[in-house]
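> For the record, the sequence lines run as chains A and B.
Its first residue numbered 505, the first sequence is counted upward by one per residue in the numbering used here.
Its first residue numbered 471, the second sequence is counted upward by one per residue in the numbering used here.
Quick reminder that beta carbons are idealized off the backbone N, C-alpha and C, glycines included.
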Amino acid sequence: MKRRDLLKALAAIAPVTVAGRVWAAPATEARLLVVFLRGAYDAANVLVPISSDFYYNARPTLGIARPDAGNPNAALSLGADWGLHPALRDSILPLWGKREVAFIPFAGTGDDLTRSHFETQDTIELGQSVGGSRDYRSGFMSRLAAELTRAKPISFTEQLPLVFRGKAQIPNIGINSVGRPGVDDRQAQLIQSMYAHDSLASAVSEGFRVRDDVYKSISQEMMAANRGAVSPRGFELSARRIGRLMREQFNLGFVDVGGWDTHVNQGAATGYLADRLGELGRALAGFSEEIGPAGWRDTVVVVISEFGRTFRENGDRGTDHGHGSVYWVMGGGINGGRILGEQVKVSQASLFQNRDYPVLTDYRAMFAGLFQRMYGLDGTAVQRIFAGVHPAELGLV
Amino acid sequence: MAADRLVNCQVVMMISGTLNASFRSMRTRCAFLALIAAIAGAADTHAGELNSQDLALLDRLTWGITASSAEHLRGVGSERWLAEQLHPAANATLPDAAKAQIEAMPDVHRFPFDIAVSFDQQAKSANQVADPDQKKAAQQVFQQAMNDRARQAAARTILRALYAPDQLRERMTWFWFNHFNVVQSKGNIRILVGDYVDRAIRPYALGKFRALLAATLRHPAMLRYLDNADNAVGHLNENYAREIMELHTMGVGSGYTQADVEALAKILTGLGIDLKPEDPKLKPELQSQLLREGAFEFNPARHDFSDKVFLGHPIKGRGLAEVDEALDIIVHHPATATHLSRQLATYFVSDNPPEALVQRMAQTFRTTDGDIAAVLGTMVHSPEFTASLKPGTKFKDPMHYVLSAVRLAYDDKVILNTAPIQGWLNRLGEGLFNHETPDGYAMTSPFWNGPGQMMVRFEIARQIGSGSAGLFKPDMPNAMEQPAYPLLQNALYFNGLRQALGPSTLAALDKAISPQDWNALFLSSPEFMH
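1) Excluding five sequence neighbours on each side, which residues of the same chain lie with their C-beta closer than 8 Å to the C-beta of M692/B?
2) At a CB-CB cut-off below 9 Å, which residues of chain A make contact with E708/B?
3) Among L741/B, S776/B, M831/B, which residue has its Cα nearest to the Cα of A765/B?
4) Let me check one thing: in DSSP terms, what residues is H825/A bridge-paired to?
5) Exposed or buried, L976/B, counting other C-beta atoms within 10 Å across all chains shown (16 or more means buried)?
6) Do the region 838-854 of chain A and the region 622-633 of chain A meet, that is, are 3 or more Cβ pairs less than 8 Å apart?
7) Once the 5 residues before and after M720/B are set aside, which same chain residues still bring their CB inside 7 Å of it?
8) Look at D702/A and P996/B and say whether their C-beta atoms are less than 8 Å apart.
9) In whole angstroms, what separates the C-alpha of R712/B from that of A857/B?
10) I'd like to confirm the pairing. Which residues does DSSP put opposite L551/A in its beta bridges?
11) Using a Cβ cut-off of 8 Å (strictly closer), state whether E951/B contacts chain D.
12) Where do the ends of the beta strand (DSSP E) carrying H783/B lie?
13) CB L427/B to CB G664/B, shorter than 8 Å?
14) Anything in chain A within Cβ reach of G920/B, meaning under 7 Å, just list it in chain order.
15) Here's the rule I'm using: 16 or more other beta-carbon atoms within 10 Å means buried, otherwise exposed. How should H894/A be labelled?
16) Write down every uninterrupted run of the beta strand (DSSP E) in the region 712-758 of chain B whose length is 3 residues or greater and which is fully enclosed by it, in chain order.
17) Taking Cβ to Cβ, would you say R619/A is nearer than 8 Å to D802/A?
18) Assign V565/A to buried or exposed, taking buried as 16 or more other Cβ atoms, counted over all protein chains shown, within 10 Å of its Cβ.
19) Tell me which residues share the same chain as T1025/B and place their Cβ nearer than 7 Å to its Cβ, disregarding the 5 neighbours each side in the sequence.
20) Answer yes or no: do Q696/A and F712/A have a C-beta to C-beta separation smaller than 8 Å?
21) State the start and end residues of the unbroken beta strand (DSSP E) segment that holds K778/B.
22) Name the two residues that bound the continuous beta strand (DSSP E) containing L537/A.
23) Should L749/A and V804/A be called a contact, given that it needs their Cβ atoms to be closer than 8 Å?
24) Counting only beta-carbon separations shorter than 8 Å, does Q986/B have a partner in chain A?
25) Cα separation between E640/B and V634/A?
26) Any C-beta of chain B sitting closer than 8 Å to the C-beta of E623/A?
27) From V884/B to R859/A, what distance separates their C-alpha atoms?
28) Which residue marks the beginning of the alpha helix (DSSP H) containing L630/A, and which one marks its end?
29) Exposed or buried, which one is N769/B when buried takes at least 16 other CB atoms within 10 Å?
30) By DSSP's criteria, E767/B is part of a beta bridge. Which residues make up the other side?
31) By Cβ distance below 8 Å, which residues in the same chain neighbour I795/A in space, the five residues on each side in sequence not counted?
32) Would you say R812/B reaches chain A, if we count a Cβ-Cβ gap shorter than 8 Å as a contact?
33) Would you kindly work out how many angstroms separate the C-alpha atoms of R688/B and D821/B, rounded to a whole number?
34) Using a cut-off of 7 Å between C-beta atoms, extract the partners of L694/A located in chain B.
35) Quick one: grab the DSSP three-state call for G763/A.
36) On a Cα-Cα basis, can you pick out the residue from T774/A, V806/A, E810/A that is closest to I904/A?
In structure tokens:
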């Protein structure tokens, strides 16, 4: 809170600062939501390399058919080389049509080859170089927040994730389990007084600060639901709530979704992965609805995952841990409807270690380039977020 | 004598506990009596006084301090108490009221094979119902029964954690479950997870690590969860092989390669689950290799008999014996001793355990052939552990927080319903059997002390502090809730816990307007979080 007050004061003195400006409309606030698909989603079946015969040979049971208007299970054409999973027909394809979504294939961690979910998730959230000793108290979104004048960060997770660990206390809230607060104002005061000299003082005061605002926002939605509106569940519910909260109160958010580690029977056009994708697509489309047209114009959503999966299907109609993934970038103001970043033809020869997609766009380079453009950050600010990284110019915003 | 007076005071407060108006004067009187008691105690045999170091020890190695366990520790002394905890009797008994609740659960004495077969049959007959509505109803009954088994498994875990005298074994049961995590929502693990805890984890929790690892490796819950049930020659699935090394034993970055992962995956081919009554059809030369133990099966027809090189050791392809050889190699790998010791020290000592302590524990692991109790013995007798007992050093994870609050509130008065506790753990993000990924729940404080979580803790503190919170309402239709009023400001508080409170907390507690409010504030205090 102190930091924010200080930043507010600074912003008041110098209204034209390098940070806090948005590409299209400098008067408004840029919003960023990072969605982490934990478990390494099977990117090759979401952005399908439809021009690759090798893909169809490598995935005899999992392959998604080439685009075909008469086949509901076929991939949806995004051009000559790529198709979209059919489970995203009603949610993401319309956004593609409006040029509000872009995909970055061959993205991931250039330097983390552990193929361990947990190790690589940590690597990405910390955004530090691999090899040196890690500072687990410094996540990259926390460092981003520190560079912005008007950051109102929040993590929509039950636990505060590594990505938001840092010097300033960032609030978190498990968005699907919000209930009416039972601890009243008097108790809240007494509790805060107990923590006045404790290391958790800022966590406790931040918690009370956002608690009532979040409840207010969500209770309105719950009242609407009680009047007979269809109420979504799972991640779709979360994403809609997040959209509302980011429209009204927060501008830098993080959320994660698990369940992507599909070693067995992952399904193809239908089945387990298709169901998860359908939910994810509805969630993201729902988010864009709830944040409203004005908010959506200023918002960028980035969907990432720790790594991709083996390009060939395994013996159990699933896929094992791989390397390169596909990231999604969405927003009302982005330069979308395109497949971005360095690319190679998908063939056996272009696989990494004859096994996985290579990484041609490092996650840090992508985020660094994005932050630069979104927030007008200068080179030294970007270096404080991602030391030693050369920002990728993908022309997203 | 001093203790008697305090008990009387407590009784008076119990009676008047709901009359908030008289609370302030009553509490002042009790505090006054406690002061007299303390002076009287000091004058004779220190009766009733509890050393704060002992209380910290009790809190650190159990699911939370209770008046009776503090009394027991004071009676036997810390060394004997530690010996009891590290080497508990095999038949340590639960209170009858807890045992009766567990015994009433279906499947508590059945084995996975029978459980899974009977559920399979129930599913089949539900699917055969002709009428669509009746079929749907039958399927719902079936699903409900599956869900009930998982809830019963959680209830068992909670009842044992709250009331077992061998508290350290219960802490270690949770620790090892989390280490060898499985999630109830995958496949039919809901119906197996109770057996997994009770037969694959708890009996080995303080024994040899090798036996624990082998027990998890043969349990259908693990074989299903990490997909080894689908790992067969020509159809490799490396999920379990990778996690054994990365999470269960050596740790990530400890030197194994992708080739080692694939070699271990091949060694593990053929280990799976078989629920059919008849044996699989095998070529005559393979028949002697078939092994079935309940639902576990080693099927030689699914095994990759090629020779392997694993962690630098050539392994002759020959069947199940390869698995034993591989486990020996892994367990004796120096990285395993270090990784497990660091995990234990992180759980019990510090978010960043001192390296010297980790190395001494690892040394014990190696010299005792992986004896878990011995490794813990090295830990609890170390100066680093003693130093970590000073107030405010170790933040409780949600499981420890919730259980320690319930234990403190009700001691050995056995609760009648664990559902509120299961709900609180879920709200705090550490629900039993609900961690989706094989890394288990995080053990360090930054995962559990974020703003959102502190808010939920205060809500739970208020619920536990205010009344029975559903803990004394049996889980059956039309059950009446039995009245229960926790009174935390009792002899244990005046004789021990109070000494550890800082001035800010004492000042806030002084402003409580009722016993319920006092309880809620005490359970919300920074001291109780640690």
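Let's see:
1) These residues qualify, in order along the chain: F650, V652, Y666, A670, T686, N698, Y710.
2) Within 9 Å Cβ-Cβ: H767, N818, D824, H825.
3) The shortest C-alpha separation from A765/B is found at L741/B.
4) DSSP, once it has assigned bridges, lists R813/A as partnering H825/A.
5) Exposed: under 16 other Cβ atoms inside 10 Å.
6) Judged by Cβ distances under 8 Å, the region 838-854 of chain A makes no contact with the region 622-633 of chain A, as fewer than three pairs qualify.
7) Cβ neighbours of M720/B beyond the five flanking positions: Y726, I800, H803, A805, T806, H809.
8) It is a contact, given that the beta carbons lie within the stated cut-off.
9) Rounded to the nearest angstrom, the two C-alpha atoms are 37 Å apart.
10) Its beta-bridge partners are L588/A.
11) Any reference to chain D falls outside this structure, whose protein chains are A and B.
12) First-last of the beta strand (DSSP E) with H783/B: 783-785.
13) What the structure shows of chain B is the stretch from 471 to 1000, and residue 427/B is not part of that stretch, so it cannot be assessed.
14) Listed along chain A, the residues sitting closer than 7 Å to G920/B by beta-carbon distance are Q663, L664, N676, A707.
15) With fewer than 16 Cβ atoms within 10 Å of its Cβ, H894/A is classed as exposed.
16) Unbroken beta strand (DSSP E) runs of no fewer than 3 residues, entirely contained in the region 712-758 of chain B, are found at 741-743, following chain order.
17) The answer is no: Cβ separation not under 8 Å.
18) Inspection of the sequence shows that residue 565/A is occupied by Thr rather than by Val. Only exposed fits T565/A, as fewer than 16 other CB atoms lie within 10 angstroms of its CB.
19) With chain B covering 471 to 1000 only, the question about residue 1025/B has no answer from this structure.
20) Contact annotation: Q696/A and F712/A have beta-carbon atoms nearer than 8 Å.
21) Where K778/B is concerned, the enclosing beta strand (DSSP E) stretches over 778-780.
22) Counted as a single uninterrupted DSSP element, the beta strand (DSSP E) harbouring L537/A occupies residues 535-541.
23) With a cutoff of 8 Å on beta-carbon distance, L749/A and V804/A are scored as not near each other.
24) For Q986/B, the answer is no, since every Cβ of chain A falls outside 8 Å of its Cβ.
25) Roughly 38 Å between the two C-alpha positions.
26) Judged by the 8 Å Cβ criterion, E623/A is in contact with chain B.
27) Using only the alpha carbons, I get a separation of about 56 Å.
28) According to the DSSP assignment, L630/A belongs to the alpha helix (DSSP H) that extends over 621-630.
29) When all chains shown are included, N769/B counts as buried.
30) Bridge partners of E767/B: G742/B, R762/B.
31) These residues qualify, in order along the chain: R535, G747, R748, M750, R751, T803.
32) R812/B does not count as touching chain A.
33) One C-alpha to the other measures close to 32 Å.
34) Those within 7 Å of L694/A in chain B are A978, K981, L991.
35) For G763/A, the three-state secondary structure derived from DSSP is coil.
36) Here chain A has residues from 505 to 901 only, and residue 904/A is not among them.
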